Structure formats: structure tokens, C-alpha cells
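Chemist: Residues 17 to 148 (my numbering) make up the sequence shown, in order. Structure incoming, see below.
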Amino acid sequence: MIKYTNKLKFSFTMKHLLNWLIVIAWMAVIYTFSNQPDLHSGFEPIYDLVLRKMAHMTEYFVLAFLVHRAVSQSDVPPGKSVVLATVFAIAYAFSDEYHQNFVVGRHGSYPDVGIDSIGVLAWVWLNSKLRS
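Next comes the structure, spelled out in C-alpha cells:
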């Protein structure tokens with residue numbers, strides 16, 4: 017058992033490990049999609065654009081949820097776990113867009129980070145509604 021005795025205490029169990037492995041697996045899914053040179057659905061361009069942006073929001077909504085679930089299994093207070101999940105997911109969105117600069121046929125985009133962040137903030141909003 018690993019314990020860190022700062023303000024944020026963590027003690028890892030198999031449940032914690034499994035939750036973090038799920039987070040890592042979801043991050044790998046996002047990375048895999050971002051590593052594709054050209055992702056188009058085959059629909060009309062406007063529908064394709066909307067579908068891709070909705071996928072961005074959904075990916076990061078799920079990431080924020082999974083990170084929150086992993087963090088909240090520790091001794092982190094609920095408010096801090098929401099903040100940590102939010103910061104983590106948005107930071108990953110930035111790193112994902114940076115990564116896309118190195119993929120042929122792709123480019124990183126700050127507006128996409130904003131769209132990813134909308135997904136994260138939608139999770140924050142829904143989480144607050146479900147908890148109140």
C-alpha cells in the first residue's frame with residue numbers, strides 16, 4: 017500500500033489500480049483516434065463536422081468522469097476531485113492537440129481544445145446536478 021501524506025492522501029488498492037487502468041485505456045482510445053491521418057464519417061461535410069465535434073465533447077466528458085471516479089476513490093475531498101478531474105482532462109486535451117501537429121494529415125487546434133473542454137464542463141455540470 018502506497019501512502020502520500022500531503023494534503024491529498026492516496027492509498028492504492030486493486031480497485032484504485034483498476035480505475036486508473038481504465039483511465040489509461042480511455043486515454044489510449046483518444047490517442048488512437050488522434051493518431052489517424054484522416055477521420056471522416058462519409059456523411060455530408062456539415063454533418064461530418066458536427067459528428068466529429070460531438071465526438072470530441074463525448075471523449076472528454078467520459079475522460080473527466082473516469083478520472084473523477086479514479087481520484088474520488090482516494091481520500092481526496094469531493095470538490096478537489098472535481099477540480100483535479102477537470103484540470104487533468106483539459107490538460108490531456110491540450111496534449112492531444114499538440115500531438116496532432118505531428119500526425120500527417122492532422123493539425124492541432126485551440127478551438128478543438130475549447131470543444132473538448134465543453135465536454136469536460138458538461139460533465140462538471142451534470143456531476144454537480146446529480147450530487148445536489
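Yeah, the Cβ is synthetic: ideal placement off N, Cα and C, and Gly gets one too. Predicted, not measured: the structure shown is a model, and the values here were computed from it.
Is His-123 helix, strand or coil when you go by DSSP?
Modeler: Correct three-state label for His-123: coil.
Chemist: Can you give me the C-alpha to C-alpha distance between Asn-117 and Val-39, rounded to a whole angstrom?
Modeler: Those two C-alpha atoms are separated by around 24 Å.
Chemist: Starting from Gly-58 and walking both ways along the alpha helix (DSSP H), at which residues does that stretch end?
Modeler: No alpha helix (DSSP H) contains Gly-58, which DSSP labels as neither H nor E.
Chemist: Could you give the distance in angstroms between the alpha-carbon of Trp-139 and the alpha-carbon of Ala-80?
Modeler: One C-alpha to the other measures close to 7 Å.
Chemist: How about Asn-35 and Arg-85: do their beta carbons lie closer than 8 Å?
Modeler: Cβ atoms of Asn-35 and Arg-85: closer than 8 Å.
Chemist: Do Ala-107 and Ser-133 count as a contact pair if the criterion is CB distance below 8 Å?
Modeler: The answer is no: Cβ separation not under 8 Å.
Chemist: If you count every other CB in all the chains shown that lies within 10 Å of the CB of Ser-148, and 16 or more means buried, which is it?
Modeler: The residue is exposed, with fewer than 16 neighbouring Cβ atoms inside 10 Å.
Chemist: Helix, strand or coil for Phe-81? Go by DSSP, reduced to three states.
Modeler: Of the three classes helix, strand and coil, the one that applies to Phe-81 here is helix, per DSSP.
Chemist: So what's Pro-7 in DSSP terms, helix, strand or just coil?
Modeler: The question about residue 7 has no answer here: the residues shown for the chain are numbered 17 through 148.
Chemist: Write down the C-beta distance between Glu-113 and Ser-125 rounded to the nearest angstrom, noting that I regard them as a contact closer than 8 Å.
Modeler: Yes, Glu-113 and Ser-125 are in contact; Cβ-Cβ is about 6 Å, under 8 Å.
Chemist: Please identify the residue among Gln-52, Ala-105 and Ala-41 whose C-alpha is closest to the C-alpha of Gly-121.
Modeler: Closest by alpha carbon: Gln-52.
Chemist: Thr-74: buried (16+ other C-beta within 10 angstroms of its C-beta) or exposed?
Modeler: Thr-74 comes out exposed.
Chemist: If we call anything under 8 Å between Cβ atoms a contact, is Val-87 one with Ala-101?
Modeler: It is a contact, given that the beta carbons lie within the stated cut-off.
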